[in-house]
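Residue 124 in the working numbering sits at position 52 of the sequence shown, with consecutive numbering throughout. Where a beta carbon is used, it is the ideal one built from N, C-alpha and C, also for glycine. As the structure is a computational prediction, the values presented were derived from the model and not from experiment.
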Amino acid sequence: MKRALTLMGVLFASVLAGSQAANATEYPLPPANSRLIGENTTYTVPDAGLSLEAIAAKYQIGLLGMLEANPGTDPYLPKPGKVLTIPTQMLLPDTKREGIVVNLAELRLYYYPKGEDKVIVYPIGIGQTGMHTPLKVTSVSQKIPNPTWTPTANIRKRYAAKGETLPAVVPAGPNNPMGLFAMRLSMGHGEYLIHGTNANFGIGMRVSSGCIRLRPDDIEALFNSVPKGTRVQIINEPVKVSVEPDGKRYAEVHQPLSKVESDDPQTMPISLSKSQQKFADSPETDKSVFDSAITRRSGMPVLVSVGQNPADVPLPSVQLFGGSKQAETQAAPISQAQ
73 MKRALTLMGV LFASVLAGSQ AANATEYPLP PANSRLIGEN TTYTVPDAGL SLEAIAAKYQ
133 IGLLGMLEAN PGTDPYLPKP GKVLTIPTQM LLPDTKREGI VVNLAELRLY YYPKGEDKVI
193 VYPIGIGQTG MHTPLKVTSV SQKIPNPTWT PTANIRKRYA AKGETLPAVV PAGPNNPMGL
253 FAMRLSMGHG EYLIHGTNAN FGIGMRVSSG CIRLRPDDIE ALFNSVPKGT RVQIINEPVK
313 VSVEPDGKRY AEVHQPLSKV ESDDPQTMPI SLSKSQQKFA DSPETDKSVF DSAITRRSGM
373 PVLVSVGQNP ADVPLPSVQL FGGSKQAETQ AAPISQAQ
C-alpha cells in the first residue's frame with residue numbers, strides 16, 4: 073500500500089477516533105547482544121466500531137504500521153469482529169543505544185533515557201515525499217514550549233500553489249500545527265524540529281515538511297524527559313536483522329520510503345547492507361522465508377532460522393486491554409512471512 077492517504081479521508085478517520093492516546097510504550101532493554109523487544113498482540117474490533125487510527129493511538133502504533141501489519145484493512149472503519157495484529161514486537165535499530173534514534177523507514181522514534189535500563193518507543197510522522205529529513209547524528213539544541221511557527225519560503229510557495237496564504241508567523245496556541253512543544257535540532261539552519269501537532273491524524277504517516285511529528289501526549293512526555301544537548305541519530309533502514317542469544321535469527325522489513333509520488337513502497341526494490349546480505353546468505357538463515365519477508369514487508373520481526381516455523385514460537389498471554397465488551401487482546405505469534 074502506498075504511504076499516503078487523502079487528507080480528507082484521514083481527517084474523517086481522526087474525527088471517528090474520539091479517544092485519547094495511551095502512554096508511550098516502554099520496554100526493558102535487552103542485553104547488548106540482543107535486539108528483540110516486546111511481543112505482538114491481537115485486537116478484536118468492537119461492535120461499536122473504531123477507526124484504525126483510534127486503535128493505533130490506543131497501542132502507540134503509527135497508522136501505516138498498522139496497515140503494514142494488517143494489509144487490506146479498511147483504515148476508516150475496520151469491520152467489527154475483525155482480528156487485527158498489533159505490531160508491538162520489534163528489533164532495536166543496530167545503532168548506539170543513546171539519546172534519541174529516529175528510523176524514518178519504520179516511522180518510529182526510540183528514546184534511551186540516560187542511566188535507565190529501558191527504551192521508550194514513539195510512533196512519528198515524517199516528511200512528505202520530496203521533503204526528506206537529513207540522515208545524520210545531531211543533537212537537541214533548543215527546547216521550546218508553546219512554539220510559534222514561521223513558515224519557510226518553500227512552505228509558503230507550496231501552500232500558495234493550493235490557493236492558501238500563510239501568515240508570516242503562526243502564534244502559539246491550539247491553531248499552531250507545531251503543537252505545544254518543540255525541540256530544535258542542531259543541523260541545517262535550525263529548520264528541523266521534533267514537535268507536536270494540533271491534529272489527531274498524521275502520526276505514522278508522511279505528512280510533514282521534513283520535521284518529526286509526535287502525538288500531543290507523546291511530545292509532552294518526551295519534551296519533559298529529554299535534556300538539551302541530547303544526542304539524536306536519524307537513520308533510514310527499512311530492514312533490520314538480528315541473531316539472538318538463543319541462536320534464533322530474525323528479520324524485520326518495512327516498506328521503504330518512496331522517492332517520487334509514483335513509487336509504490338510495497339514493490340520498490342530494497343537494498344541490503346553488506347552485513348544484512350551476509351545474514352541472508354548464512355546457511356543458518358532460511359533464504360526462502362527471508363525472501364518472503366522482504367516481499368511481504370509486514371513491519372514485524374519474522375523468524376527466519378533454518379528449521380524453525382514462526383507459528384511454532386510460543387508467547388505468553390497478554391493482559392486484556394480495555395473493557396471486555398469493547399475489545400479482546402491476546403498474544404499473537406511472531407509474524408510469518410506470507
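Nearest residue (CA-CA) to residue i, options the options
{"i": "residue 188", "options": "328, 331, 98 and 359", "result": "98"}
{"i": "residue 298", "options": "323, 228, 255 and 333", "result": "255"}
{"i": "residue 142", "options": "132, 157, 380 and 153", "result": "157"}
{"i": "residue 261", "options": "119, 213 and 355", "result": "213"}
{"i": "residue 263", "options": "101, 366, 190 and 206", "result": "206"}
{"i": "residue 162", "options": "155, 234, 364 and 180", "result": "180"}
{"i": "residue 304", "options": "136, 140 and 171", "result": "171"}
{"i": "residue 154", "options": "194, 295, 314 and 119", "result": "119"}
{"i": "residue 175", "options": "217, 331, 270 and 307", "result": "307"}
{"i": "residue 190", "options": "108, 315 and 321", "result": "108"}
{"i": "residue 311", "options": "114, 164 and 115", "result": "164"}
{"i": "residue 366", "options": "270, 135, 140 and 302", "result": "140"}
{"i": "residue 352", "options": "258, 166, 233 and 315", "result": "315"}
{"i": "residue 251", "options": "259, 257 and 266", "result": "266"}
{"i": "residue 355", "options": "379, 342, 169 and 296", "result": "379"}
{"i": "residue 342", "options": "302, 215, 363 and 295", "result": "363"}
{"i": "residue 291", "options": "334, 100, 253 and 198", "result": "253"}
{"i": "residue 208", "options": "215, 335, 377 and 309", "result": "309"}
{"i": "residue 169", "options": "302, 357 and 337", "result": "302"}
{"i": "residue 133", "options": "100, 339, 268 and 275", "result": "275"}
Which of helix, strand or coil DSSP assigns to residue i
{"i": "residue 150", "result": "coil"}
{"i": "residue 239", "result": "coil"}
{"i": "residue 324", "result": "strand"}
{"i": "residue 345", "result": "coil"}
{"i": "residue 390", "result": "Here residue 390 scores only 34 on pLDDT, less than 50, and its place in the model is too uncertain to base an answer on."}
{"i": "residue 165", "result": "coil"}
{"i": "residue 98", "result": "strand"}
{"i": "residue 376", "result": "coil"}
{"i": "residue 385", "result": "Annotation note: pLDDT 47 at residue 385 (below 50); position unreliable, coordinate value reported separately. DSSP places residue 385 in coil when its eight states are reduced to three."}
{"i": "residue 350", "result": "helix"}
{"i": "residue 176", "result": "helix"}
{"i": "residue 106", "result": "coil"}
{"i": "residue 93", "result": "Its pLDDT being 38, under 50, residue 93 is placed unreliably in this model, and the value from its coordinates should be taken loosely. Here residue 93 sits in coil by DSSP."}
{"i": "residue 260", "result": "coil"}
{"i": "residue 171", "result": "strand"}
{"i": "residue 207", "result": "coil"}
{"i": "residue 217", "result": "strand"}
{"i": "residue 300", "result": "coil"}
{"i": "residue 246", "result": "coil"}
{"i": "residue 117", "result": "coil"}
{"i": "residue 198", "result": "strand"}
{"i": "residue 307", "result": "strand"}
{"i": "residue 186", "result": "coil"}
{"i": "residue 275", "result": "coil"}
Distance, residue j Cα to residue i Cα
{"i": "residue 240", "j": "residue 210", "result": "28 Å"}
{"i": "residue 149", "j": "residue 121", "result": "7 Å"}
{"i": "residue 124", "j": "residue 146", "result": "8 Å"}
{"i": "residue 105", "j": "residue 319", "result": "11 Å"}
{"i": "residue 112", "j": "residue 238", "result": "43 Å"}
{"i": "residue 18", "j": "residue 323", "result": "The displayed coordinates of the chain run from 73 to 410. Any statement about residue 18 would go beyond what the structure contains."}
{"i": "residue 131", "j": "residue 230", "result": "34 Å"}
{"i": "residue 218", "j": "residue 137", "result": "29 Å"}
{"i": "residue 151", "j": "residue 185", "result": "39 Å"}
{"i": "residue 127", "j": "residue 195", "result": "13 Å"}
{"i": "residue 317", "j": "residue 177", "result": "26 Å"}
{"i": "residue 293", "j": "residue 193", "result": "12 Å"}
{"i": "residue 114", "j": "residue 160", "result": "10 Å"}
{"i": "residue 225", "j": "residue 232", "result": "10 Å"}
{"i": "residue 258", "j": "residue 173", "result": "15 Å"}
{"i": "residue 270", "j": "residue 381", "result": "44 Å"}
{"i": "residue 166", "j": "residue 183", "result": "14 Å"}
{"i": "residue 204", "j": "residue 135", "result": "19 Å"}
{"i": "residue 283", "j": "residue 321", "result": "34 Å"}
{"i": "residue 110", "j": "residue 117", "result": "22 Å"}
{"i": "residue 243", "j": "residue 221", "result": "7 Å"}
{"i": "residue 376", "j": "residue 313", "result": "10 Å"}
{"i": "residue 198", "j": "residue 235", "result": "24 Å"}
Residue i - containing alpha helix (DSSP H), residue span
{"i": "residue 138", "result": "135-141"}
{"i": "residue 127", "result": "124-130"}
{"i": "residue 288", "result": "288-297"}
Residue i, enclosing beta strand (DSSP E) - first and last residue
{"i": "residue 233", "result": "First-last for residue 233: 225-233, but that is the alpha helix (DSSP H), not the beta strand (DSSP E)."}
{"i": "residue 256", "result": "253-257"}
{"i": "residue 332", "result": "Premise fails: residue 332 is in no beta strand (DSSP E) and is neither H nor E."}
{"i": "residue 359", "result": "Segment 359-368 is the alpha helix (DSSP H) holding residue 359; no beta strand (DSSP E) there."}
{"i": "residue 267", "result": "265-267"}
{"i": "residue 191", "result": "190-195"}
{"i": "residue 157", "result": "155-158"}
Any non-hydrogen atom of the ligand COA within 6 Å of residue i CB
{"i": "residue 323", "result": "Inclusion of the ligand COA in the displayed structure is not the case, the ligand content being empty and no account of it being possible."}
Note to self: For the pair the segment 283-291 and the segment 345-355, tell me if three or more CB-CB distances fall below 8 Å.
What the structure shows: The count of Cβ pairs closer than 8 Å, one atom from the segment 283-291 and one from the segment 345-355, stays below three, leaving the stretches out of contact.
Item checked: the segment 363-374 touching the segment 321-341, judged by at least three CB pairs closer than 8 Å -> In short, these stretches touch, since the Cβ pair count reaches three.
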